[in-house]
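**Student:**
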Amino acid sequence: MKAIWNGAIGFGLVNIPIKIYSATETSKLDLDMLDKSDFSNIKFKRVNEKTGKEVKWENIVKAYLMEDRYIVLEEEDYEAASPEKTKILSIDQFVKEIEVDSIYFENPYFLEPQKNGENAYRLLLKALQETKMVGIGTFVLRESEAIGMIRPYNEEILLLNRLRFDQEIRDYSDLKIPAKKAPKPAELKMAVSLIEQLSQSFDPTMYKDTYSEELLKIIKQKAKGKEVKARKAEPAKGGKVIDLMAQLKASLQSSKSKTAS
Numbered sequence: 000m001k002a003i004w005n006g007a008i009g010f011g012l013v014n015i016p017i018k019i020y021s022a023t024e025t026s027k028l029d030l031d032m033l034d035k036s037d038f039s040n041i042k043f044k045r046v047n048e049k050t051g052k053e054v055k056w057e058n059i060v061k062a063y064l065m066e067d068r069y070i071v072l073e074e075e076d077y078e079a080a081s082p083e084k085t086k087i088l089s090i091d092q093f094v095k096e097i098e099v100d101s102i103y104f105e106n107p108y109f110l111e112p113q114k115n116g117e118n119a120y121r122l123l124l125k126a127l128q129e130t131k132m133v134g135i136g137t138f139v140l141r142e143s144e145a146i147g148m149i150r151p152y153n154e155e156i157l158l159l160n161r162l163r164f165d166q167e168i169r170d171y172s173d174l175k176i177p178a179k180k181a182p183k184p185a186e187l188k189m190a191v192s193l194i195e196q197l198s199q200s201f202d203p204t205m206y207k208d209t210y211s212e213e214l215l216k217i218i219k220q221k222a223k224g225k226e227v228k229a230r231k232a233e234p235a236k237g238g239k240v241i242d243l244m245a246q247l248k249a250s251l252q253s254s255k256s257k258t259a260s
């Protein structure tokens, strides 16, 4: 793993030097784009709009367009905007994790203590476990401010979840949401029974990226010159009034038979 941020967690008057590492990686297949005519690889180049020539990474700068004029930003400008947030994730408040709606969650990161920060790291980890709380604060990551939520993970490491700002959540008032009409008591009772029947402790290992596995099988078949016959998926049913009770009863029976087997 390669650290993407070096700094510290501000915990009251205690600073915990840490490094941030991405906690996830994609399971998607790495597919290349080719020219359909001769299967040549498609390359993307950073080209100067005026000269048409390719520009090397070291010669590229970032700028903000203001009143028809570009204001070029240097590395020092990012730190000058909020120097403390580029180096310290200061915890502003502690809240119950259940209070943070999942719509705000973005990327997860592992936090690793740096030299001389091990004791304070373990202290914060244990304190969060004891109180069942999470720490919320802001910091600057990759030239933009982020909200971070720090919590224990697997009871042995601190995990940082990047959160979205409230202003980033779209307004859904224009969507056609069903009216606040109470469902029929019998249907609600049946739906609750179905939920209870399918209830169990969450086990993330139950879920695998099977689509990528199946796609890789097809790739291997094609590599051997075999013809691949596509299976057609069942079309989604919709556009007509359905008998909810009949569907719920059928769902319960199906669930019971699966459980029995």
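Counting along the sequence shown from 1, when you hit position 26 you're at 25 in numbering that gives the first Met the number 0, and nothing is skipped either side.
C-beta: ideal position from N, C-alpha, C; glycine also.
1) Which runs of the alpha helix (DSSP H) fall wholly inside the region 159 to 200 and span at least 4 residues, in chain order?
2) Would alanine 2 and isoleucine 87 qualify as a contact pair, given that the criterion is a beta-carbon distance under 8 angstroms?
3) Can you tell me where the beta strand (DSSP E) with glutamate 105 in it begins and where it stops?
4) Whether or not the region 145 to 163 and the region 37 to 46 are in contact is what I'm after, with contact meaning three or more pairs of Cβ atoms, one per stretch, closer than 8 angstroms; do they touch?
5) Would the region 149 to 169 count as touching the region 46 to 58 if we require 3 or more Cβ pairs under 8 angstroms?
6) Taking buried to mean at least 16 other C-beta atoms within 10 Å of its own C-beta, is valine 71 buried or exposed?
7) So, helix, strand or coil for tyrosine 69, using DSSP?
8) What does threonine 137 pair with, by DSSP beta-bridge criteria?
9) Can you give me the Cβ contacts of serine 192 inside the same chain, cut-off strictly under 7 angstroms, excluding the 5 residues immediately before and after it?
10) Give every residue of the same chain whose Cβ lies closer than 7 angstroms to the Cβ of phenylalanine 109, excluding the five residues on either side of it in the sequence, and list them in chain order.
11) Expressed to the nearest angstrom, what Euclidean distance is found between the alpha-carbon atoms of lysine 223 and aspartate 208?
12) So leucine 215 and leucine 28 are supposed to be a Cβ contact under 8 angstroms. How far apart are they, rounded?
13) Among the residues of its own chain, which have a CB less than 6 angstroms from the CB of leucine 124, if the five just before and after it don't count?
14) Quick test of the definition: if touching needs 3 or more C-beta pairs under 8 angstroms, does the region 59 to 73 touch the region 117 to 132?
15) For a quick check, are the C-beta atoms of tyrosine 120 and isoleucine 15 less than 8 angstroms apart?
16) Excluding sequence positions up to five away, which residues of its chain have a Cβ less than 6 angstroms from the Cβ of phenylalanine 93?
17) Could you tell me the boundaries of the beta strand (DSSP E) in which asparagine 5 lies?
18) Residues in the same chain with beta-carbon distance under 8 angstroms from lysine 248, minus the five sequence neighbours each way, listed in chain order, please.
**Tutor:** The short version:
1) With a minimum length of 4 residues, the continuous alpha helix (DSSP H) runs that stay inside the region 159 to 200 are 184 to 196.
2) In the sequence shown, residue 2 corresponds to position 3, counting from 1. In the sequence shown, residue 87 corresponds to position 88, counting from 1. No.
3) For the purposes of this step, residue 105 is taken as residue 106 along the sequence shown, with counting starting at 1. Its beta strand (DSSP E) spans residues 104 to 112.
4) no
5) With the cut-off at 8 angstroms, the region 149 to 169 and the region 46 to 58 do not touch.
6) Taking the first residue of the sequence shown as position 1, residue 71 is located at position 72. Valine 71 comes out exposed.
7) Reading the sequence shown from its first residue, position 70 is the one you call residue 69. In the structure shown, tyrosine 69 adopts extended strand secondary structure according to DSSP, grouped into three states.
8) Here the question's residue 137 lines up with position 138 in the sequence shown. Looking at the DSSP assignment, threonine 137 forms a beta bridge with Ser89 and Ile146.
9) Along the sequence shown, read from residue 1 onward, the residue named residue 192 stands at position 193. Same-chain partners within the cutoff: Leu251.
10) As a working mapping, residue 109 is identified with position 110 in the sequence shown. So the list reads Tyr20, Ala22, Ile156 and Leu158, once near-sequence residues are dropped.
11) By 1-based counting over the sequence shown, the position of residue 223 is 224. By 1-based counting over the sequence shown, the position of residue 208 is 209. So the alpha carbons of these two residues sit roughly 24 angstroms apart.
12) Mapped onto the sequence shown, residue 215 falls at position 216. Mapped onto the sequence shown, residue 28 falls at position 29. That pair is a contact at about 6 angstroms.
13) Within the sequence shown, the letter at position 125 stands for residue 124. For leucine 124, where only same-chain residues beyond five positions count, the Cβ hits under 6 angstroms are Pro151 and Leu157.
14) no
15) Here the question's residue 120 lines up with position 121 in the sequence shown. Here the question's residue 15 lines up with position 16 in the sequence shown. Contact: yes.
16) Here residue 93 is taken as the residue at index 94 of the sequence shown, counted from 1. Within the same chain, phenylalanine 93 has close Cβ partners Met132 and Gly134.
17) As a working note, residue 5 is residue 6 in the sequence shown. Start and end: 4 to 10.
18) As a working mapping, residue 248 is identified with position 249 in the sequence shown. Result list for lysine 248: Met189, in chain order.
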